[in-house]
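Asks:
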Amino acid sequence: MILPVTLTIAAAAAVVNLWLAFRIVPIRVKDKVLLGDNGNALLQGRMRAHANFTEYAPFILILLGLIELAGGSTMWLWIAGVVFVIARVAHAFGMDRATSSLPRAGGALATWALMAVLACWALAIAYQANTVPAAKTFQVVPSGGRA
Numbered sequence: 388m389i390l391p392v393t394l395t396i397a398a399a400a401a402v403v404n405l406w407l408a409f410r411i412v413p414i415r416v417k418d419k420v421l422l423g424d425n426g427n428a429l430l431q432g433r434m435r436a437h438a439n440f441t442e443y444a445p446f447i448l449i450l451l452g453l454i455e456l457a458g459g460s461t462m463w464l465w466i467a468g469v470v471f472v473i474a475r476v477a478h479a480f481g482m483d484r485a486t487s488s489l490p491r492a493g494g495a496l497a498t499w500a501l502m503a504v505l506a507c508w509a510l511a512i513a514y515q516a517n518t519v520p521a522a523k524t525f526q527v528v529p530s531g532g533r534a
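Position one of the sequence shown corresponds to residue 388 (my numbering), numbered consecutively onward.
#1: Do the CB positions of A479 and A436 come within less than 8 Å of each other?
#2: Taking all protein chains shown into account, do 16 or more other C-beta atoms lie within 10 angstroms of the C-beta of L407, making it buried, or fewer, making it exposed?
#3: Let me know the secondary structure DSSP gives I389 once reduced to three states.
#4: Quick test of your reading: G458 and A474, contact by CB under 8 Å. State the CB separation rounded to the nearest angstrom.
#5: Please report the residue range of the alpha helix (DSSP H) in which A457 lies.
#6: Count the other CB atoms, across all protein chains shown, that sit within 10 Å of the CB of L505; report buried if there are 16 or more and exposed otherwise.
#7: Between the Cα of Y443 and the Cα atoms of T486, W508, V472 and T518, which residue gives the shortest distance?
See the structure below:
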């Protein structure tokens, strides 16, 4: 089965991941920092934004994929995926500041809320699947006979 929502959001997440990594390189080159952050606050923020993305993306993508596979609403999955990508990009821009900012806080809160919603949705699907009565079994009866 092809999962178009999950595949698209996973591709977008891969692009965001590359973008986050590429934002780190110029600072490393300019300051000649091969390991760690050398006390550079901007480098610290960008490294954490990248690491933070890699901490959340797998859970979100797994939940999206499993919910899509289980027949979850395509429209709501698209909304969830787009919210995730926008939230993580906003968070990354917010991490460029040494102080708290609306993009950072909003991105983090949106990601947490989305993860909670997707987790509840997944649990609801799993719970409903276990409470649906078993399918009725039918007995094949030869023509003219009674079961």
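Cβ atoms here follow ideal geometry from the backbone N, Cα and C, with glycine treated the same way.
Replies: With the given structure in hand:
#1: With a cutoff of 8 Å on beta-carbon distance, A479 and A436 are scored as near each other.
#2: buried
#3: coil
#4: Not really, about 25 Å apart at Cβ, beyond 8 Å.
#5: Neither: A457 is in no alpha helix (DSSP H) and is coded neither H nor E.
#6: With 16 or more Cβ atoms within 10 Å of its Cβ, L505 is classed as buried.
#7: V472
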